[in-house]
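Residue numbers (this note's numbering), protein chains in the order written: chain S, 1 to 158; chain R, 1001 to 1158; chain C, 2001 to 2165; chain F, 3001 to 3165. A virtual CB, placed ideally from N, CA and C, is assigned to each residue, including glycine. All figures in this text were calculated on a predicted structure; none of them were measured in a lab. What follows is a short report on a single structure.
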Amino acid sequence: ARENFLATFEQIRLNFQKVFRSLFTEEDTCDLVLTDPENPLESPIEIIAKPKGKRPLTINQLSGGEKTLTATSLLFAIYLIKPAPFCIFDEVDAPLDDANIDKFTNIIREFSKESQFIIVTHNKRTMAATDVMYGVTMLPEDPGVSKLVAVDMREMTA
Amino acid sequence: ARENFLATFEQIRLNFQKVFRSLFTEEDTCDLVLTDPENPLESPIEIIAKPKGKRPLTINQLSGGEKTLTATSLLFAIYLIKPAPFCIFDEVDAPLDDANIDKFTNIIREFSKESQFIIVTHNKRTMAATDVMYGVTMLPEDPGVSKLVAVDMREMTA
Amino acid sequence: MQLTRLEIKGFKSFGDKVTIHFGEGVTGIVGQNGCGKSNIVDAIRWVLGEQKTRALRSDKMENIIFNGTKKRKPLQMAEVSLTFQNTKNLLPTEYTEVTVTRRLYRSGESEYLLNGVPCRLKDITNLFMDTGIGPDSYAIIELKMVDEILNDKENSRRNLFEEAA
Amino acid sequence: MQLTRLEIKGFKSFGDKVTIHFGEGVTGIVGQNGCGKSNIVDAIRWVLGEQKTRALRSDKMENIIFNGTKKRKPLQMAEVSLTFQNTKNLLPTEYTEVTVTRRLYRSGESEYLLNGVPCRLKDITNLFMDTGIGPDSYAIIELKMVDEILNDKENSRRNLFEEAA
Ligand SMILES: Nc1ncnc2c1ncn2[C@@H]1O[C@H](COP(=O)(O)OP(=O)(O)OP(=O)(O)O)[C@@H](O)[C@H]1O
Ligand SMILES: Nc1ncnc2c1ncn2[C@@H]1O[C@H](COP(=O)(O)OP(=O)(O)OP(=O)(O)O)[C@@H](O)[C@H]1O
Ligand SMILES: [Mg+2]
Ligand SMILES: [Mg+2]
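Written as structure tokens, this is what we have:
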């Protein structure tokens, strides 16, 4: 079990560095470190992330958007070990600026060849990157009851 | 101290209902309730919010955007007791849809006659409601160092 | 193992039956605050076997049944069905599709079905073992989870790694 | 008690001195992820007397001093000054403006000044008592606070009420 975990950990670590660099830039660095390498099955796992020439002392010092991209890189790193048949994101793009939304949707489009992606969003830029959209609404005459509606792409991405 | 608290509590409660109705609609109801009225100085305070004909059993059942508007109504209710000279919002608009962003910025414009408002945002609709904007950036030639820049309103709200 | 459709009736805000057909690639779910988007995500978690009421934003499991509005009475049952293609042969190969159904009655009774045949919750969670989906999956992501990974909620970080290992 | 300007040097990502002038009404602060917007909010909290490192997203107070980049050395001091009009006469009326300054040296020493005159942290927090601003103010709001009010972090809810009473 110990070998198994260490092998998987190493694979996740390499994936993390690869995904992190595509969500940030090629010169950015990050790492996953077992704080107690003697004890891999118990050891806490530390995340080190250094975007764009910065030298944050801990990941807590990173900004809201940077934290979201870092956590997303880790989740995708794990996904790449064993791709789930579908992935669901619920408004994970809310803290991201326009440039980072494009990076986020680009990597999703890449992985969408392997898996289906379901993205809940309010963001028009993210919407523009979807293949199909479902609109959910509640009508004033029947409040509190969810209904599905056709989405007018032009109205949504106006 | 007990009378003082109860009087303030009642005032906050009335403000809460007023602000809630302007962020939701006139027919929506909400309330603030002391779970232990015999013991006002110790009692937990319960928030009841029923937007748009819904009957949520607890506020935890509400959606992300509804929760944000409800908490904002409560914060403004308290603000109205003793308006602070300035209020700062850091990306509080992230979970809101377009219609709710307009309600949010309208109420801020109303209160901005009394106090200064500083709004950190990524949202173009919110930006369009500000009087003045400051842009913060980091240059590739000097990474990790924050600088202030002039903001081109047309570029931002394109 | 592609998803083909999701049917929701009586679950949370779905007072009327709603059917969503999924295609390949990236599907967007959009709409105003409070109209039911996250409830769709909760429905998927629930039909895959989620038992933690906190992950469904509810205090008790009964709260996930449509509890009525000013204009409508509460319903007595919540039912969610998720259908996908049997490309990984999770069920014997004569089935082209697999439909997982979960029902909860206000009386507290639960029913679980695989392609219409009653089964136990265990049969459903076993079906998905090793596919990467199920409750606690790293494939269902919301902002709260981003926070948990980054804060010192170490167990959530280890859990993710162990689930993949 | 209108804010007129904020000057930041050596605090977090402000390796160079930055001055922001505030006018009436609604001021927007915009820019890409990670460029320093929330750091500006932290600077305001800090100069008003915030002592909880957690509220400043730091493990220890020393971490709020600019710690350098690939191209720049760390600085040895963080300094933030906030200036506002003395319309509420928090200081004697011959002053038209009040400037609050806070400095932290890497050695651990702190300095506090009111209109350039050294004072104690206590003098600064006393100045703002009853104005609604200061650490823990209900006037500085981020999404994390929205969560805390709505979850059962009851103390945060009571604290808000008691601060207003
Ligand atoms: N058992 C139930 N019966 C009826 N309505 C319910 C039930 N549970 C939750 N709801 C309602 O569903 C609504 C929340 O829906 P949901 O969380 O899916 O919104 P959303 O589309 O994700 O919105 P947002 O964009 O704000 O996140 C709430 O208004 C809530 O009152
Ligand atoms: N002591 C410090 N020295 C140098 N840089 C620092 C220091 N503390 C924090 N930073 C940097 O400041 C950046 C965070 O800035 P900030 O949180 O203000 O971003 P933001 O503009 O709010 O972004 P977002 O839109 O993502 O919320 C981080 O990249 C972090 O590395
Ligand atoms: Mg939602
Ligand atoms: Mg920020």
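For S3038/F, is the beta carbon positioned less than 8 Å from some heavy atom of ligand 4? In this structure, S3038/F has its beta carbon less than 8 Å from a heavy atom of ligand 4.
Bounding residues of the alpha helix (DSSP H) (the contiguous stretch that carries M2001/C): Unbroken run through M2001/C: none, as it is neither H nor E.
Whether or not the region 1084-1094 of chain R and the region 3126-3144 of chain F are in contact is what I'm after, with contact meaning three or more pairs of Cβ atoms, one per stretch, closer than 8 Å; do they touch? Taking a cut-off of 8 Å for Cβ pairs, the region 3126-3144 of chain F and the region 1084-1094 of chain R touch, as three or more such pairs fall below it.
Starting from E2079/C, follow the beta strand (DSSP E) in both directions and report where the run begins and ends. In the DSSP annotation of this structure, the continuous segment of the beta strand (DSSP E) that includes E2079/C starts and ends at M2077 to Q2085.
Put M2145/C into one of helix, strand or coil per three-state DSSP. helix
Hey, is E2079/C's beta-carbon within less than 9 Å of any beta-carbon in chain S? no
How about the region 90-110 of chain S and the region 35-46 of chain S: do they share at least three Cβ pairs that are nearer than 8 Å? no
Quick check on V1019/R: does DSSP put it in helix, strand or coil? Of the three classes helix, strand and coil, the one that applies to V1019/R here is helix, per DSSP.
Taking only three categories from DSSP, how would you classify G3025/F? coil
For D93/S, is the beta carbon positioned less than 8 Å from some heavy atom of ligand 4? Incorrect: D93/S has no Cβ contact closer than 8 Å to ligand 4.
Give me the chain C residues within the contact set of T1058/R, using Cβ-Cβ distance strictly less than 7 Å, ordered along the chain. D2059
Quick one: grab the DSSP three-state call for Q116/S. strand
Whole angstroms are fine: how far does the CA of G3049/F sit from the CA of A3164/F? 19 Å
Who are the neighbours of F1005/R on chain F, taking C-beta pairs under 7 Å? A3165
For a contact defined as C-beta to C-beta under 8 Å, what are the partners of S3038/F on chain S? S63 and G64
Proximity winner among N2033/C, N2151/C and T2099/C, relative to V120/S (alpha-carbon distances): It is N2033/C whose Cα lies nearest to the Cα of V120/S.
Short of 7 Å Cβ to Cβ, which residues in the region 84-112 of chain S face chain C? Cβ contacts with chain C come from A84, P85, F86, C87, I88, F89, D90, E91, V92, A94, I108, R109 and S112.
Can you tell me whether DSSP reads E10/S as helix, strand or coil? helix
Going by DSSP in three states, G3034/F sits in which element: helix, strand or coil? coil
Residue closest to Y3112/F, alpha-carbon to alpha-carbon, out of L3121/F, H3021/F and N3086/F: It is L3121/F whose Cα lies nearest to the Cα of Y3112/F.
Please classify S1115/R as buried or exposed, where buried requires at least 16 other C-beta atoms within 10 Å of its C-beta. buried
Between G160/S and chain R, is the shortest Cβ-Cβ distance under 9 Å, so that the two count as touching? In the structure displayed, chain S extends from 1 to 158; residue 160/S sits before or after that span and is not available.
Which residues in the same chain as T3125/F place their Cβ atom closer than 7 Å to its Cβ, once the five residues preceding and following it in sequence are excluded? G3049 and G3134
Contact the region 62-75 of chain S vs the region 15-33 of chain S: 3+ CB pairs below 8 Å: yes
Given a cut-off of 9 Å on the beta-carbon distance, is the pair R2005/C and L2114/C in contact? no
Along the region 36-54 of chain S, what residues have a CB closer than 8 Å to any CB found in chain F? Listed by position along the chain: P51, K52, G53 and K54.
Beta-carbon proximity check, P51/S vs F2084/C, cutoff 9 Å: no
Assuming contact is defined by CB atoms lying nearer than 9 Å, are P143/S and T2069/C in contact in what I supplied? yes
Contacts that Q3032/F makes with chain S (C-beta to C-beta distance below 7 Å): D97 and A99
Identify each residue in the region 2009-2029 of chain C for which the Cβ-Cβ distance to at least one residue of chain S is less than 7 Å, and report them in chain order. Of all residues in the region 2009-2029 of chain C, S2013, F2014, G2015, D2016, V2018, I2020, F2022, G2023, E2024, G2025, V2026, T2027, G2028 and I2029 have a Cβ within less than 7 Å of some Cβ in chain S.
Reducing DSSP to helix, strand and coil, say where Y1079/R ends up. Looking at Y1079/R - three-state DSSP - the assignment turns out to be helix.
Could you check which residue in T1130/R, R1125/R, N1100/R and L1096/R has the C-alpha nearest to that of R1109/R? It is T1130/R.
Hey, how far is the Cα of L203/S from the Cα of R2/S? Look at the range of chain S in this structure, 1 to 158, and you will see that residue 203/S is not part of it.
Return the chain-ordered list of same chain residues with a C-beta closer than 6 Å to the C-beta of L23/S, the five sequence neighbours on each side being excluded. L69, S73 and K103
Counting only the same chain and skipping the five closest in sequence on each side, list residues whose C-beta sits under 7 Å from that of T1029/R. K1050
Does the distance between the C-beta of V2117/C and the nearest non-hydrogen atom of ligand 4 fall short of 8 Å? no
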